[in-house]
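Since the structure comes first, as structure tokens, the remarks are kept for the end.
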Amino acid sequence: MQTLRKLLFPFTILYTFITSIRNGLYFIGILKRTSFTTPTIVVGNLSVGGTGKTPMVEYLIRLLKDQYTLTTLSRGYKRKSKGFILANAQSNMEDLGDEPYQYHYKFDNIGVAVDSNRVNGIHTILSEKKETEVVLLDDAFQHLAVKAGFYILLTTYDEPYYKDFVLPTGNLRESRSGAKRANIIIITKCPKSLTKENQQDIREKLNLKTGQLSFFTYIEFSKLVYSKCDEIQVDLLNHEEYILVAGIAKPQSFFDHLNGHLTRCLTFPDHHNFTTSDIENILTLAEKKKIITTEKDYVRLKDLIPSDKLYYLPIQTSFINDNELFDKTILNYVGTSTRDS
């Protein structure tokens, strides 16, 4: 596979040229960019999937939701609806897509909207939900038609963008220079023990521009797994067999965290829509064992697998250090940008 990707390097040059021309047309004003007086925060990446956008958006929700009225806006990948949707009590995963539905299912008192046209999505949010004071845009770093007020770029510790190449040779959606648009660059999925010396070495490789900040985060796993009606300490799972199911971009850390010597791991593509055949196979393999999945997969599986068999493991983003500076930077941007600041 790696050999094939190297052979496709001429297409990488072409793809890089095309995306650079497109970006340039936005920056010189030939293609229109729309800005908004309402604070808009983009969370995104340069690479394809698996950088931890969902837990980062959830971190921002927790940071802001008690002080500001906020609405998240996502594309709603693989949803079965079209156009703009603002979540309500009747909304389901098929209407919103798995990640927006997770926000809607998990957090009270926030708005959740989906629209592949982010400019239209923001305009409609501010029209239909006038009390919105902050818009969080999930996975919109390449959507240059929106000129957001603040950009957060994520890149993983194991596969940082400065070591990667543009598609199809690598996994980047655009050239590395796109990182210059970010206000903050976060290196995600780090070892919790990453030293300050290691952090400084990475910062030097990021080649930060003046004013850019960088932070280092790790994935913190819950000490409990949950079902609709039960919870179990992860430590106690070592005493029984169970099945692990994951349909996310990079599931290995989930498997590693829970994998016992008798555990069977079932892997599906990212954002997988589970079929009747998939469910039958999972239940057959599980027999009387518990089925444990990721939080994102749980919203797709919770109505398909008996509630007494299906559990999920929550995760969240945690900062190795300097989380106070990160929080202050975000709160300062929102506080100086809102109408009532």
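Under UniProt numbering, think of the first position of the sequence shown as 1, with each following residue one higher. Beta carbons: idealized from backbone N, C-alpha and C, even for Gly. These numbers come from a predicted model, not from an experiment.
Pick helix, strand or coil for V48, following the three-state DSSP scheme. Indexing the sequence shown from 1 puts residue 48 at position 48. V48 falls in the coil class under three-state DSSP.
Whole beta strand (DSSP E) elements within the stretch 211-274, 3-residue minimum: List check, beta strand (DSSP E) in window: 213-221, 224-226, 231-233, 242-246, 264-267.
Backbone secondary structure at Y151 - three-state DSSP: Here the question's residue 151 lines up with position 151 in the sequence shown. Note: Y151 maps to strand in three-state DSSP.
Inter-residue Cα distance where the pair is K290 and D230: By 1-based counting over the sequence shown, the position of residue 290 is 290. By 1-based counting over the sequence shown, the position of residue 230 is 230. Their backbone Cα atoms lie some 12 Å apart in a straight line.
Own chain residues within Cβ distance below 6 Å of I41, not counting five before or after: Counting from one through the sequence shown, the residue named residue 41 turns up at place 41. Within the same chain, I41 has close Cβ partners L136, F150.
Hey, would you say K189 sits closer than 7 Å to T156, going by beta carbons? Sequence index remark: in the sequence shown, residue 189 carries index 189 (1-based). Sequence index remark: in the sequence shown, residue 156 carries index 156 (1-based). Against a cut-off of 7 Å, the Cβ pair of T156 and K189 comes out as a contact.
Can you give me the Cβ contacts of R79 inside the same chain, cut-off strictly under 7 Å, excluding the 5 residues immediately before and after it? Taking the first residue of the sequence shown as position 1, residue 79 is located at position 79. Result list for R79: E94, D95, L96, G97, V114, in chain order.
Under a three-way DSSP split, which group does T188 fall into? Walking along the sequence shown from the start, residue 188 turns up at place 188. Looking at T188 - three-state DSSP - the assignment turns out to be strand.
Whole-angstrom distance between V119 and K147, CA atom to CA atom: One-based indexing of the sequence shown puts residue 147 at position 147. One-based indexing of the sequence shown puts residue 119 at position 119. K147 and V119: Cα-Cα distance of roughly 9 Å.
Please classify Y161 as buried or exposed, where buried requires at least 16 neighbouring CB atoms within 10 angstroms. Residue mapping note: residue 161 aligns to position 161 of the sequence shown, counting from 1. By the neighbour-count rule (16 or more Cβ atoms within 10 Å), Y161 is buried.
C-alpha gap between D308 and K106, whole angstroms: The sequence position of residue 308 within the sequence shown is 308, counting from 1. The sequence position of residue 106 within the sequence shown is 106, counting from 1. Cα to Cα, D308 sits roughly 20 Å from K106.
Go ahead and pull the three-state DSSP assignment for F319. Along the sequence shown, one-based indexing puts residue 319 at 319. If DSSP states are grouped into helix, strand and coil, F319 belongs with the strands.
DSSP three-state assignment for T294, whether helix, strand or coil: Along the sequence shown, one-based indexing puts residue 294 at 294. In the structure shown, T294 adopts extended strand secondary structure according to DSSP, grouped into three states.
What is the DSSP secondary structure of I13, reduced to helix, strand or coil? Within the sequence shown, the letter at position 13 stands for residue 13. Note: I13 maps to helix in three-state DSSP.
Hey, which unbroken runs of the beta strand (DSSP E) at 3 residues or more fall wholly within the stretch 51-115? 70-74, 111-114
Touch test, the stretch 318-329 against the stretch 238-245, Cβ-Cβ under 8 Å, three pairs minimum: no
Nearest by alpha-carbon distance to T37: which of E133, L7, H271, G49 is it? In the sequence shown, counting from the first residue as 1, residue 37 sits at position 37. The shortest Cα separation from T37 among E133, L7, H271, G49 belongs to E133.
Can you check whether the CB of S74 is closer than 7 Å to the CB of P100? Taking the first residue of the sequence shown as position 1, residue 100 is located at position 100. Taking the first residue of the sequence shown as position 1, residue 74 is located at position 74. Yes, the Cβ-Cβ distance between P100 and S74 is below 7 Å.
Does DSSP classify I41 as helix, strand or coil? Residue mapping note: residue 41 aligns to position 41 of the sequence shown, counting from 1. Reduced to three states, the DSSP call for I41 is strand.
Check each candidate in I186, V225, E197, D297 and name the one with the smallest Cα separation from Q212. Numbered from 1 along the sequence shown, position 212 holds the residue referred to as residue 212. Comparing Cα-Cα distances from Q212 to each of I186, V225, E197, D297, the minimum goes to I186.
Per DSSP, what kind of secondary structure is Y311 in: helix, strand or coil? If you number the sequence shown from 1, residue 311 lands on position 311. Note: Y311 maps to strand in three-state DSSP.
Distance check for Y15 and N88, CA to CA, integer angstroms please. For the purposes of this step, residue 88 is identified with residue 88 of the sequence shown, where counting begins at 1. For the purposes of this step, residue 15 is identified with residue 15 of the sequence shown, where counting begins at 1. N88 and Y15: Cα-Cα distance of roughly 40 Å.
Below 8 Å on the Cβ atoms is my contact criterion, and I expect G247 with L46 to pass it. Report the Cβ-Cβ distance as a whole number of Å. The residue you call residue 247 lines up with position 247 of the sequence shown. The residue you call residue 46 lines up with position 46 of the sequence shown. So it is not a contact: roughly 23 Å between Cβ atoms.
Could you tell me the distance, in whole angstroms, from the CA atom of T169 to the CA atom of P10? By 1-based counting over the sequence shown, the position of residue 169 is 169. By 1-based counting over the sequence shown, the position of residue 10 is 10. Their backbone Cα atoms lie some 9 Å apart in a straight line.
Going by DSSP, which residues form a beta bridge with T156? By 1-based counting over the sequence shown, the position of residue 156 is 156. T156 is bridged to T188.
Contact under 7 Å by Cβ, F254 with T294: For the purposes of this step, residue 254 is taken as the residue at position 254 of the sequence shown. For the purposes of this step, residue 294 is taken as the residue at position 294 of the sequence shown. The answer is yes: Cβ separation under 7 Å.
Distance, Cα to Cα, L86 vs I61? Counting from 1 along the sequence shown, the entry for residue 86 is found at position 86. Counting from 1 along the sequence shown, the entry for residue 61 is found at position 61. Taking the straight line joining both Cα atoms gives about 17 Å.
Beta bridge counterpart(s) of V135 as assigned by DSSP: The count along the sequence shown starts at 1 and reaches residue 135 at position 135. Within the DSSP secondary-structure output, V135 pairs in a beta bridge with T40, T71.
Sequence-distant residues of the same chain with beta carbon closer than 7 Å to K163, five excluded per side: Taking the first residue of the sequence shown as position 1, residue 163 is located at position 163. Once the five neighbours on either side are set aside, K163 has no close Cβ partner at all.
Which residues share a DSSP beta bridge with T34? For this step, residue 34 is matched to residue 34 along the sequence shown. Note: T34 sits in a beta bridge opposite V146.
Determine the extent of the alpha helix (DSSP H) in which Q203 is found, giving its start and end residues. Here residue 203 refers to the residue found at position 203 when the sequence shown is read from its first residue. In the sequence on display, residue 203 carries Arg and not Gln. It spans 196-206 - the alpha helix (DSSP H) in which R203 sits, taken as one unbroken run.
Which listed residue (Q316, L325, G83) has its alpha carbon closest to that of M56: Your numbering for residue 56 matches position 56 in the sequence shown. Among Q316, L325, G83, the Cα nearest to that of M56 belongs to Q316.
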